[in-house]
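Enquirer: Numbering (this note's numbering), first residue to last: 2 to 125.
The structure's right below; bear with me while I get my questions together.
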């Protein structure tokens, strides 16, 4: 096995693992983040960075130049359109009145003393 193939294999596996890492952390962020805008940010990073790293790794694994050109076109398309679509969704949500959470409203309603909460235990 030539040295160049080994280097390309190692580089592509590093890119595959990094892309998988960004996709996994983005998925965790979508589940764990508290509001729409932070979840949208996690999904946007996942879509742009994770998918592009995996596409770049596939370019390094490919032997056919036509496949490399197609993957590179998809790479550039995702790199240009994913942030734009994320921004468009965020702007549409803001235009409809969905305000982002700020530092003054980061507390949760269950922390308020003047809110009446249902009892923790249900008595028969």
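Backbone N, C-alpha and C fix where the C-beta goes; we use that ideal spot for every residue, glycine too.
Where in the stretch 26-60 do unbroken runs of the alpha helix (DSSP H), each at least 4 residues long, occur, reported from the N-terminal end onward?
Expert: 37-46
Enquirer: Going by DSSP, what residue range makes up the alpha helix (DSSP H) through residue 84?
Expert: Here residue 84 refers to the residue found at position 83 when the chain shown is read from its first residue. Annotation for residue 84: the continuous alpha helix (DSSP H) segment containing it runs 66-96.
Enquirer: Between residue 60 and residue 43, is the Cβ-Cβ spacing less than 9 angstroms?
Expert: For the purposes of this step, residue 60 is taken as the residue at position 59 of the chain shown. For the purposes of this step, residue 43 is taken as the residue at position 42 of the chain shown. No, they are not a contact pair.
Enquirer: By Cβ distance below 7 angstroms, which residues in the same chain neighbour residue 19 in space, the five residues on each side in sequence not counted?
Expert: Locating residue 19 in the chain shown gives position 18, counting from the first residue. So the list reads 54, once near-sequence residues are dropped.
Enquirer: Check whether the stretch 34-53 touches the stretch 85-97, counting contact only when three or more Cβ pairs, one atom from each stretch, lie closer than 8 angstroms.
Expert: yes
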